[in-house]
Amino acid sequence: MLPLSPALPPPPAPRAPAARSGYPGFHHAVSLLHGWVPQVVAFVAVLLLVLAFARFTRRWWLLWMPVCAVAGVAAAWAAWSYTNDQGLASDPAPVLLWACVGLTAAGLVAAIVGLRTGSWWQRIAAILAVPVALLYTGVVLNQWVGYYPTVQAAWDAANADPLPHQVDEDELADLRGTDVGTGRIVRVDIPESGSDFRHRREYVYLPPAWFAGAKPPALPTIMMIGGEFNTPADWVRSGQIMPAVDDFAARNNGVMPVLVFVDSGGSFNNDTECVNGPRGDAADHLTNDVPAYMESTFGVSADPSKWAVVGWSMGGTCAVDLAVMHPEQFGTFVDIAGDLGPTAGTKEQTIKRLYGGNADAWARFDPLTVMAKHGPYTDVVGLFDDLTAPKRNSTGQQHYPGRPQVTEDQIGKGGRDGVMDTNEEGAAEQLCDAGKQVGIDCTVHTTVGGHTWQFASAAFTSSLPWLTARLGITVPGLSS
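Start counting at 1 in the sequence shown, then tack on 12, and there's your number in my numbering.
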């Protein structure tokens, strides 16, 4: 009788088609935050505006130039007043932004009133000056909010190009049981399940482990929330976290939490602060619609110890609020440079704007009040990654230890805040101290730097090993 052959290993899973490649990194593509692109746009804008205003007639300088100047000042003042009145930024925007708004308005008036004066090239310059000045205003605004770090990211967003690794939902079934190499992102339309919140389509990242086997494993889930002015794709387009996510998954044989990139606003400029109120019942959407959909559609774990919420800027405030209000759903949170609580200006303005004047509603969503009322928490753990403002040297430049000195207009502001947020500074310590008093295990990491998407990305990446270990996933050889 012939000896039995040893058991052969099962054949490897078939290789899935390659995923769409990711975006260039922050430092490996043409930057929109600093470098030659903003400088060239600024030069062209200034040149065209000088040509537009350079009319050599007495009537022009005595009548129309003052009209242009008044229009520019009025436009800059109106934009500044509106921003402050609506509480759109805790820190003042760079002065250059208001100057660009004023010059764009002045250029528009010059183009209109100067159509019958000057030479033909001056009239053409005046017409071209308006869109170019408006473009530079957008560049400066982008440097403040930091949404598009590179030309490629802005181009992809403007053209609604797919995200890295994105596939259609109906393609997921064909990928079941294959070696996908890297995870996939799918755009989803989450139905209402206990809320009445009009939201945009959201995104879900499924790691390679989700595709292995006959049915998806009950993986942990991380809810990802962006800043005040946001789209659900911000963590991917602006934060550019996918290379770090792919690297982490590769180190752990494809095992990684599912990420759900949620819509907390319903539109780009609707600041809900993730509460229920006149701006929409965002809290109900995040606590009712999203978990129910993720569990039923993607089979993720329903165990609150397997759910975490991560937020940046306004989203950091949301992360704390969701965890302390709903510990039965979220056992872990990461607050990256969030505020002390949901904020839309002063306390009085916040109560009026976010809660329709209902002070009791403000108290229901104020994390300090919620924690004091709730009492002892069980197995809720949080990480605060906070910022302190960089020091300034004698020339007004901000200095980052270990990094080249950069001027303020070279720093993308991310979220809604500037380099230093007066509502933000010290918030992490206050919230963590209050949390510890009621049983929340929390830690505060403080970094000197700017309130930028680059910081948000770095903070998420550095917290990922700890976060996944907290959710029950560890990577051998990778420190947390």
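Just so you know, even glycine gets a beta-carbon here, dropped at the ideal spot from N, CA and C.
Model, not experiment: these values are computed from the prediction.
Taking one C-beta from the region 199-218 and one from the region 269-284 each time, how about it: are there three or more such pairs within less than 8 Å?
With the cut-off at 8 Å, the region 199-218 and the region 269-284 touch.
For the region 133-145 against the region 73-80, do three or more pairs of beta-carbon atoms, one drawn from each stretch, fall closer than 8 Å, so that the two count as touching?
No: the two stretches stay apart, fewer than three of their Cβ pairs being nearer than 8 Å.
Cutting at 7 Å between CB atoms, please list the residues of its own chain near Met383, excluding the five before and the five after it.
Start at 1 with the first residue of the sequence shown, and residue 383 comes out as number 371. Correct list, in chain order: Val336, Ala446, Gly447, Val450.
Quick one: what's got a C-beta closer than 7 Å to Pro228's C-beta in the same chain, skipping five residues either side?
Counting from one through the sequence shown, the residue named residue 228 turns up at place 216. Excluding sequence neighbours, Pro228 sits near Trp222, Phe310, Gly311.
For Glu441, report the span of its beta strand (DSSP E) as first-last.
Translated into the one-based positions of the sequence shown, residue 441 becomes position 429. Here Glu441 belongs to no beta strand (DSSP E); instead the alpha helix (DSSP H) covers 439-449.
Distance check for Leu366 and Glu285, CA to CA, integer angstroms please.
Here the question's residue 285 lines up with position 273 in the sequence shown. Here the question's residue 366 lines up with position 354 in the sequence shown. Approximately 8 Å between the Cα atoms of the pair.
Starting from Ile197, follow its DSSP beta bridges and name the residues at the other end.
On the sequence shown, residue 197 is found 185 positions in, with the first residue counted as 1. Note: Ile197 sits in a beta bridge opposite Gln178, Tyr217.
Classify Asp301 as helix, strand or coil using the three-state DSSP reduction.
One-based indexing of the sequence shown puts residue 301 at position 289. Helix.
If you compare alpha carbons, which of Gly206, Ala81, Ala468, Leu479 is closest to Asp296?
Along the sequence shown, one-based indexing puts residue 296 at 284. Checking every option, the nearest Cα to that of Asp296 belongs to Gly206.
How is Thr358 classed by DSSP in three states: helix, strand or coil?
Start at 1 with the first residue of the sequence shown, and residue 358 comes out as number 346. Here Thr358 sits in coil by DSSP.
In terms of DSSP beta bridges, what is Ser313 paired with?
As a working note, residue 313 is residue 301 in the sequence shown. Beta-bridge pairing links Ser313 to no other residue.
Answer yes or no: do Gly369 and Asp347 have a C-beta to C-beta separation smaller than 9 Å?
Taking the first residue of the sequence shown as position 1, residue 369 is located at position 357. Taking the first residue of the sequence shown as position 1, residue 347 is located at position 335. It is not a contact, given that the beta carbons lie outside the stated cut-off.
Tell me whether Met236 sits in a helix, a strand or coil according to DSSP, three-state version.
Here the question's residue 236 lines up with position 224 in the sequence shown. Strand.
Please report the distance separating the alpha-carbon of Met235 from that of Val302.
What you label residue 235 is simply residue 223 of the sequence shown in a count that begins at 1. What you label residue 302 is simply residue 290 of the sequence shown in a count that begins at 1. Roughly 9 Å separates the two Cα atoms.
Which of helix, strand or coil does DSSP assign to Ser102?
Your numbering for residue 102 matches position 90 in the sequence shown. At Ser102, the pLDDT of 49 sits below 50, so the modelled position is not reliable; the number obtained from the coordinates is stated separately. DSSP places Ser102 in coil when its eight states are reduced to three.
What's the call for Trp167, buried or exposed, on a 16-neighbour Cβ count within 10 Å?
Stepping through the sequence shown from its first residue, residue 167 is reached at position 155. Exposed, since its Cβ has fewer than 16 Cβ neighbours within 10 Å.
Measure the Cβ-Cβ separation of Gly239 and Gly357 and say whether it is below 9 Å.
As a first step, residue 239 must be located in the sequence shown, where it is residue number 227. As a first step, residue 357 must be located in the sequence shown, where it is residue number 345. It is not a contact, given that the beta carbons lie outside the stated cut-off.
Can you list, in chain order, the residues of its chain with a C-beta nearer than 8 Å to that of Phe280? Leave out the 5 residues immediately preceding and following it.
Translated into positions along the sequence shown, residue 280 becomes position 268. Phe241, Asn242, Thr243.
Evaluate Tyr305 with the Cβ neighbour count: other Cβ atoms within 10 Å of its Cβ, from every protein chain shown; 16 or more gives buried, anything less gives exposed.
Counted from its first residue, the sequence shown places residue 305 at position 293. Buried, since its Cβ has 16 or more Cβ neighbours within 10 Å.
Going by CA-CA distance only, name the one from His177, Leu109, Pro203, Leu395 that's closest to Ile197.
By one-based count along the sequence shown, residue 197 stands at place 185. Taking only the C-alpha atoms, the option nearest Ile197 is His177.
From this set, Leu59, Leu147, Gly126, Ala83, which residue's C-alpha is nearest Thr69's C-alpha?
In the sequence shown, counting from the first residue as 1, residue 69 sits at position 57. Thr69 has its Cα closest to that of Gly126, out of Leu59, Leu147, Gly126, Ala83.
Return the Cβ separation of Leu115 and Leu61 in integer angstroms, given the expectation that the two are a contact with Cβ distance under 8 Å.
The count along the sequence shown starts at 1 and reaches residue 115 at position 103. The count along the sequence shown starts at 1 and reaches residue 61 at position 49. Leu115 to Leu61, Cβ: 6 Å. Contact.
What number of angstroms, rounded off, separates the C-alpha of Lys359 from the C-alpha of Thr233?
Here residue 359 is taken as the residue at index 347 of the sequence shown, counted from 1. Here residue 233 is taken as the residue at index 221 of the sequence shown, counted from 1. Rounded to the nearest angstrom, the two C-alpha atoms are 33 Å apart.
Which of helix, strand or coil does DSSP assign to His463?
In the sequence shown, the residue the question calls residue 463 occupies position 451. In this structure, His463 counts as coil in the three-state DSSP scheme.
Going by DSSP in three states, Phe192 sits in which element: helix, strand or coil?
One-based indexing of the sequence shown puts residue 192 at position 180. The amino acid occupying residue 192 in the given sequence is Val; Phe does not appear at that position. It is coil, neither helix nor strand.
In chain order, what residues of the same chain have a beta carbon less than 7 Å from the beta carbon of Asp333, not counting five sequence neighbours either side?
Start at 1 with the first residue of the sequence shown, and residue 333 comes out as number 321. For Asp333, where only same-chain residues beyond five positions count, the Cβ hits under 7 Å are Cys286, Pro354, Phe377, Pro379.
Note the first and the last residue of the continuous beta strand (DSSP E) segment covering Ile124.
To locate residue 124, count along the sequence shown from 1; it is residue 112. Here Ile124 belongs to no beta strand (DSSP E); instead the alpha helix (DSSP H) covers 107-125.
Skipping 5 residues on each side, what residues in its chain have a beta carbon closer than 6 Å to that of Asn300?
Here residue 300 refers to the residue found at position 288 of the sequence shown. Cβ within range, chain order: Ser205, Gly206, Ser207.
Is DSSP giving Asn496 helix, strand or coil here?
Here the chain has residues from 13 to 492 only, and residue 496 is not among them.
For Ser491, which residues in the same chain have their Cβ closer than 6 Å to its Cβ, ignoring the five residues on either side in sequence?
Within the sequence shown, residue 491 is the residue found at index 479, counting from 1. Because Ser491 sits at a pLDDT of 44, beneath the cut-off of 50, its placement in the model cannot be relied upon, and the point is left open.
Note down the Cα distance separating Val53 from Tyr148, rounded to an integer number of angstroms.
On the sequence shown, residue 53 is found 41 positions in, with the first residue counted as 1. On the sequence shown, residue 148 is found 136 positions in, with the first residue counted as 1. Computed Cα separation, rounded: 6 Å.
Can you list, in chain order, the residues of its chain with a C-beta nearer than 6 Å to that of Gly278? Leave out the 5 residues immediately preceding and following it.
Counted from its first residue, the sequence shown places residue 278 at position 266. Cβ within range, chain order: Arg210, His211, Gly292.
Taking C-beta to C-beta, are Ala123 and Val142 nearer than 9 Å?
Start at 1 with the first residue of the sequence shown, and residue 123 comes out as number 111. Start at 1 with the first residue of the sequence shown, and residue 142 comes out as number 130. Yes, Cβ-Cβ distance for Ala123 and Val142 is below 9 Å.
Quick check on the DSSP output: what are the complete beta strand (DSSP E) runs of length 3 or more inside the region 246-277, in order along the chain?
Taking only runs of at least 3 residues, the beta strand (DSSP E) segments lying wholly in the region 246-277 are 270-273.
Here's a check: name, in chain order, each residue in its chain whose Cβ is nearer than 6 Å to the Cβ of Ala57, leaving out the five neighbours to either side.
The residue labelled residue 57 in the question sits at position 45 within the sequence shown. Correct list, in chain order: Val144, Ala145, Tyr148.
Can you name the residues that DSSP bridges to Ser207?
One-based indexing of the sequence shown puts residue 207 at position 195. In DSSP, Ser207 forms no bridge with anything.
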